[in-house]
């Protein structure tokens, strides 16, 4: 399954490598201005927050500063952005694999379905599309998946609550802080996750959990808001005014975007999503927190009215959770069918072919939608 996943990832990477949206160049221009001491602005002297990915601007300002005063190849900063985005995508894929191993550690199929989860993620056309985009989407996906992994470790039976290191709570607060510095909407995700901790943890554990996770988040975000006010004289991001408040029409468009995004990301695997809860035993908290992340993205997507960009980027940061839950649901259905004797006469290689076909089919659902949105995009590294 992992070898098949690698082949699928390479094929999809080649197919979508040429994808670059104009917002990436907006970010790169701001990053170059930061690198040259002109501030977080698009036009020097005009202090308007014309971007929505502060941390990504900061990260790209590093290669922009390193190339200052040196002749750089054409699109050098774009290559840096694409490579960094792709590295974070590989990190997200790795976290998804280890998260699947942890969630299915109780199953005798724990060495099979984590590979299926990885195959499902790299078969997700929107995920790979944004992995090569050079934008901040993969950074957000990485921090989200890392936060889910940390919560899974906290609630694992292998880690009794009285022995949970404070470093885990600090790491959770830091992961959610970095996500919130990458995009505006992860603040909603963070608030819901902290509320989940307050509800789910035993009373004796709530105080250290909230102190070591919420307090760092509050301090980091307070410092960032103070900087935003000092720089732009506003607490809310510029995109809040530019992309919200559309009324009923906006909610309808957001709902359409949501449904199409679910279809593009999960394809037919969506049918297994309802079967994800119930058999995870002591891992139920992880399943619930993944549901919280997905619910927060749903709220933001519908409220904001969706997005004009191809590839359903508002849902891509939670694509690893969506697909992991569908694969867990597929695993649970598989166990029930096996216990009923349905696969007793079926050879293992045929079952492997079935799993591969069922999961790989999601790539064509997403690709059909993406190619419908951007039919003129050339495959691979070719200029249009």
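Residue numbers (our numbering): 284 to 667.
Positions of the beta carbon are idealized from the N, C-alpha and C atoms, including for glycine.
Given the structure is predicted, the values throughout are model-derived calculations rather than measurements.
| query | result |
| --- | --- |
| May I have the straight-line CA-CA distance separating residue 388 from residue 553, to the nearest angstrom? | 23 Å |
| Which residue wins for smallest C-alpha separation from residue 609, given the options 511, 641, 480? | 641 |
| Identify which residue in 385, 349, 413 has its Cα closest to the Cα of residue 650. | 413 |
| Assuming residue 602 and residue 424 form a contact by the criterion Cβ under 8 Å, report the distance between their Cβ atoms to the nearest whole angstrom. | 7 Å |
| I'd like the span of the alpha helix (DSSP H) that includes residue 573, first residue to last. | 567-587 |
| Counting Cβ pairs closer than 8 Å, one from the region 331-350 and one from the region 387-407, do we hit at least three? | no |
| Tell me which residues share the same chain as residue 313 and place their Cβ nearer than 8 Å to its Cβ, disregarding the 5 neighbours each side in the sequence. | 323, 324, 325, 333, 334, 340 |
| Consult DSSP for residue 391 and reduce its assignment to one of helix, strand or coil. | coil |
| For the alpha helix (DSSP H) containing residue 335, name the first residue and the last one. | It is not in any alpha helix (DSSP H) - residue 335 carries neither H nor E in the DSSP assignment. |
| Specify, as a first and last residue, the run of the alpha helix (DSSP H) that residue 301 falls within. | Neither: residue 301 is in no alpha helix (DSSP H) and is coded neither H nor E. |
| Measuring only the C-alpha atoms, how far is residue 315 from residue 542? | 37 Å |
| Apart from the five residues just before and just after residue 428, which ones in its own chain have a Cβ nearer than 8 Å to its Cβ? | 375, 378, 379, 382, 603, 604 |
| Could you have a look at residue 511 and say whether DSSP puts it in helix, strand or coil? | helix |
| Assuming residue 374 is part of the alpha helix (DSSP H), what are its boundary residues? | 359-386 |
| Measure the Cβ-Cβ separation of residue 338 and residue 422 and say whether it is below 8 Å. | yes |
| Please report how far the alpha carbon of residue 449 lies from the alpha carbon of residue 455, in whole angstroms. | 10 Å |
| Alpha carbon to alpha carbon, what distance is there between residue 373 and residue 397? | 15 Å |
| Please name the residue in 415, 567, 468, 464 whose C-alpha comes closest to that of residue 589. | 468 |
| For residue 408, collect the residues of the same chain with a Cβ closer than 7 Å to its Cβ; drop the 5 residues on either side in sequence, then sort them by chain order. | 295, 547, 646, 649, 650, 653 |
| Near residue 432, what residues of its chain come up, given a Cβ to Cβ distance below 6 Å and the 5 sequence neighbours on each side ignored? | 378, 382 |
| Given a cut-off of 8 Å, decide if residue 420 and residue 593 are closer than it, judged by their beta-carbon atoms. | no |
| DSSP three-state call for residue 468: helix, strand or coil? | coil |
| Excluding the 5 residues flanking residue 662 on each side, which residues of the same chain have their C-beta closer than 6 Å to its C-beta? | 298 |
| So, for residue 278: in the same chain, excluding its five sequence neighbours on each side, which residues have a beta-carbon less than 6 Å away from its beta-carbon? | Only positions 284 to 667 of the chain appear in this structure, which leaves residue 278 out of reach. |
| Quick one: residues in its chain with C-beta nearer than 6 Å to the C-beta of residue 308, no 5 flanking neighbours on either side, listed in chain order? | none |
| By a C-beta neighbour count over all protein chains shown, 10 Å radius and 16 as the cutoff for buried, is residue 302 buried or exposed? | buried |
| Report, in whole angstroms, the separation of the C-beta atoms of residue 638 and residue 399, which I expect to be a contact under 8 Å. | 6 Å |
| Could you spell out the range, first to last residue, of the alpha helix (DSSP H) harbouring residue 648? | 631-656 |
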